[in-house]
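In structure tokens, the structure reads:
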């Protein structure tokens with residue numbers, strides 16, 4: 001539930017953008033981002049990379065929209081948001097703190113937090129999200145700049161990329177655990 005909640009600002013953005021306007025989508029996402037940060041702060045929890053990144057992303061995009069009044073199309077505003085989210089994910093990898101790590105630590109015992117396997121699994125999951133977001137950015141750019149590509153293709157590719165990353169996030173840790181258990185039981189005892 002934790003990581004899904006971290007994506008709530010992006011869900012709010014998409015719904016409000018499609019139903020009302022890009023400006024409404026950015027405002028809704030900023031409000032949800034702020035509420036998530038306040039929720040973590042009130043609980044005494046550390047703020048997560050995804051929460052802080054979302055707050056900064058939507059705050060900057062909303063400020064830019066209000067100041068510059070760009071003529072956002074659905075594809076261009078999605079390109080800005082998806083590109084910003086990709087940047088948050090890539091920066092989390094670059095600084096050695098994959099964004100999934102904070103969520104994963106809520107589900108495992110503290111003695112596993114620094115194990116090489118746990119850290120590698122989180123790097124791989126974060127890389128899967130980065131790949132999915134890169135596909136989404138490419139689809140957004142194609143929908144905006146290649147007139148032969150309809151918006152529904154962008155949306156379909158984005159949904160498929162997100163579904164793939166989510167499925168990988170769910171299945172990969174279990175597969176790694178099974179492989180480790182199989183290796184442990186296959187080792188001859190001395």
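Numbering (my numbering), first residue to last: 1 to 190.
Note that CB positions come from ideal geometry on N, CA and C, so glycine has one too.
CA-CA distance, residue 48 to residue 93, rounds to 14 Å. Residue environment analysis places residue 81 among the buried positions, since at least 16 neighbouring C-beta atoms fall within 10 angstroms of its C-beta.
Annotated three-state conformation of residue 45 is coil, per DSSP. Contact between the segment 23 to 30 and the segment 65 to 78 is present, with at least three C-beta pairs closer than 8 Å.
If you draw a straight line from the Cα of residue 28 to the Cα of residue 184, it is about 49 Å long.
Only exposed fits residue 114, as fewer than 16 other CB atoms lie within 10 angstroms of its CB.
The residue among 106, 18, 154 and 101 with its C-alpha nearest the C-alpha of residue 117 is 101. According to the DSSP assignment, residue 144 belongs to the alpha helix (DSSP H) that extends over 116 to 145. For residue 109, there is no enclosing alpha helix (DSSP H), as DSSP marks it with neither H nor E. Counting other Cβ atoms within 10 Å of its Cβ, residue 169 reaches 16 or more and is therefore classed as buried. Counting C-beta pairs with one atom in each stretch, the segment 29 to 42 and the segment 7 to 15 have three or more that are closer than 8 Å, which means they touch.
The beta carbon of residue 130 sits closer than 8 Å to those of 86, 89, 90 and 93, all from its chain and outside the five residues before and after it, given in chain order.
A check of alpha carbon separations from residue 167 across 125, 64 and 69 identifies 125 as the nearest. Each of 147, 50, 143 and 141 was checked against the Cα of residue 97, and the nearest Cα belongs to 50.
By the C-beta density criterion, residue 54 is buried, having at least 16 other C-beta atoms within 10 angstroms. Around the Cβ of residue 135, a 10 Å sphere holds 16 or more other Cβ atoms; the residue is buried.
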